[in-house]
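What follows is a single structure, written as structure tokens, with notes after it.
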Amino acid sequence: MPHIFNTQAMREKLFLIRQLALASNSYCTSVGSKKSEFVCKSESWLEYSRTLEEILSRYIIEVSISLRMFEDLLNSHGNKCFLNSAENIVSNNRSIGQMENNSFDLTIRESCNKVIHATRVDLEWVESDNEEITYWSGNYTLSGKKGRKNWKLIVFTDLWAQSMKEYIDEIENSDINWPEIYD
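Sequential numbering of the sequence shown, starting at 1279, is according to my numbering.
Encoded structure:
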């Protein structure tokens, strides 16, 4: 029997990732968070940024690893065509990220690979128009090295999480013979 995958837990984490991406501006506005306060040793911005980075990293890693393992299980049972179909439906006219050298189309699977193999992660911080607050833009930058070649990927976290959730939904609603897989 293979690992049991809790797709509902993946959906919950993806929901929370989207909420964090969409709520940063509002949250920082309500608490008056400004990055320059970091220079003054204020704990408010530092605490917020560290907490956000920890939660995002943990959830994004957990979802990426789980989804990759889930895909590998389905591939081992001859369901690659279902995965390709689900990917095509979900990725239609939606960009989940941008590779620095733009050398290939970014798929959900490749984005998970980049999460797993990243050696550096940075959140993109922006200032509000009136420069009163600093908040997370929703972009999550991953960097690493494949062989001798450096790579950099900017993940559009809101769209990535939305696409991942829809991808899981498409897979679960497909004609995959689930009892055969979990036999």
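The beta carbon of each residue, even a glycine, is placed where N, CA and C say it ideally should be. Computed from a predicted structure; not experimentally measured.
Quiz item: In chain order, what residues of the same chain have a beta carbon less than 7 Å from the beta carbon of residue 1393, not counting five sequence neighbours either side?
Solution: 1338, 1339, 1342 and 1420
Quiz item: Looking only at its own chain, which residues have a Cβ that is under 7 Å from the Cβ of residue 1445, when we skip the five neighbours before and after it?
Solution: 1364, 1365, 1368 and 1386
Quiz item: Are residue 1402 and residue 1415 close, meaning C-beta to C-beta below 8 Å?
Solution: yes
Quiz item: Contact between the region 1370-1377 and the region 1421-1440: three or more CB pairs below 8 Å?
Solution: yes
Self-check item: Member of 1396, 1408, 1451 and 1410 whose CA lies at the smallest distance from the CA of residue 1425
Solution: It is 1396 whose Cα lies nearest to the Cα of residue 1425.
Quiz item: Mapping DSSP to helix, strand and coil, what is residue 1400?
Solution: strand
Quiz item: Just how far apart, CA to CA, sit residue 1336 and residue 1352?
Solution: 24 Å
Quiz item: From the DSSP output, which residues share a beta bridge with residue 1446?
Solution: Paired residues: none, contrary to the question.
Exercise. Helix, strand or coil for residue 1330, going by three-state DSSP, please let me know.
Key: Residue state, collapsed to three classes: helix.
Quiz item: Based on the DSSP secondary-structure assignment, which residues constitute the bridge partners of residue 1433?
Solution: 1375 and 1418
Practice problem: Sort 1454, 1433 and 1407 by Cα distance to residue 1400 and report the nearest one. | Solution: 1433
Exercise. Tell whether a beta-carbon distance below 8 Å holds between residue 1295 and residue 1334.
Key: yes
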